[in-house]
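Take 16 as the starting number for the sequence shown in this note's numbering and just add one per residue. Here a beta-carbon is modelled for each residue, glycine too, at the ideal position from N, C-alpha and C.
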Amino acid sequence: MKIAITRLKEKGDGDRALCREYGHDCYPVSPIRADVYRDRILAFADRVNRGEFEALFFTSALPAQLIGPLLTRWPRVIAIGPTTAAVLRGFGIGCETLPSFYSRDFAPYLGEWLAGKEIGIPRADVPNEALLDAIRDRGGVPGEVRVYGLAPTGEPLRTDNADAIIFTSARSFTDAVWTPRADLLTVAIGEVTAAAMAAGDIPPQVIGDGSLAGTLTALNRHLAEKGEGTSR
């Protein structure tokens, strides 16, 4: 299949090799862009290098790309998923990966270890009080720093030649300018994105596990059940 995958403009096309492993071709479409707060990034990296945090939690690949090259030392590092982990490891930063790819799983993953620990969390300028409250409930101190904002590009998504579209976040769906088609397979990377799509009257036909690899696995399972294989 030819798949359009929603990505931030700044992330580029890093998905094609993975898609090929699953028998598909893909290309990025960008409903949102990142407005990077450079001063906050520099200040956060300086705090990490001075040893002010007991752990870091990277909730997406972009802050890993922005901050990883600036670090000379780091504490325990947790990545939300395999893509983010790969970026960090590319800078020589060893990290753990959550067993499931949702920020709500961060506090349960660390459990009692969080007590008395300050956790550095560089992330997008969007609220996630559930994450912060979950850390506090276990005695931790969330050191959230919003290092980039998200803004709609306003650009119509190029889907004319696509067989499927994968929405990789709730915002990528709600901010998208696009025209649904009856023959365009709609896919959500995970349940949070799926809920946003359902609320927008476009329930996804395929729902992944929160990772792109898991989503492609779910897509191929769906195609096999429909007897369509991996090409159309």
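- The closest CA to that of residue 20, considering only 151, 241, 88, 178, is found on 178.
- Taking a contact to require three or more Cβ pairs closer than 8 Å, the stretch 118-129 and the stretch 147-158 qualify as touching.
- Taken in chain order, the complete beta strand (DSSP E) segments of 3 residues or longer contained in the stretch 29-96 are 40-44, 47-51, 70-73, 91-94.
- Shortest Cα-Cα distance from residue 226 to any of 78, 207, 218, 193 involves 207.
- Contact between the stretch 203-222 and the stretch 49-56 is absent: fewer than three C-beta pairs spanning the two stretches fall below 8 Å.
- Using a Cβ-Cβ distance cut-off of 8 Å, the stretch 69-81 and the stretch 136-151 are in contact, since at least three pairs of beta carbons, one from each stretch, lie closer than that value.
- Here the alpha carbon of residue 37 sits roughly 43 Å from the alpha carbon of residue 65.
- Apart from sequence neighbours up to five positions away, the residues of its chain that approach residue 115 with a beta-carbon distance below 8 Å are 224, 225, ordered along the chain.
- The beta carbon of residue 95 sits closer than 7 Å to those of 73, 74, 75, 113, 116, 118, all from its chain and outside the five residues before and after it, given in chain order.
- Judged by DSSP secondary structure, residue 123 falls within the alpha helix (DSSP H) whose first and last residues are 121-125.
- In this structure the stretch 163-171 lies against the stretch 30-50, because at least three pairs of beta carbons, one per stretch, are closer than 8 Å.
- Its chain contains 21, 204 as the residues whose beta carbon lies nearer than 6 Å to that of residue 183, once the 5 sequence neighbours on both sides are disregarded; these appear in chain order.
- Nearest C-alpha to residue 175 among 51, 186, 110, 193: 193.
- Remark: C-beta atoms of residue 90 and residue 71 approach each other more closely than 8 Å.
- Collapsing the DSSP output to three states places residue 168 in coil.
- Residue 103 and residue 43 have their alpha carbons spaced roughly 22 Å apart.
- Going by DSSP, residue 232 is part of the alpha helix (DSSP H) stretching over 227-241.
- Distance between residue 60 and residue 67, taken at the CA atoms: about 10 Å.
- The DSSP-derived three-state label of residue 189 is helix.
- For the pair residue 219 and residue 145, the Cα-to-Cα distance works out to about 25 Å.
- Residue 200 sits in a strand when the DSSP states are folded into three classes.
- When secondary structure is reduced to three states using DSSP, residue 214 falls in the helix class.
- DSSP places residue 138 in the uninterrupted beta strand (DSSP E) bounded by 133-139.
- In this model, residue 85 and residue 196 are separated by some 44 Å (Cα to Cα).
- Per DSSP, the beta bridge partners of residue 21 are 44.
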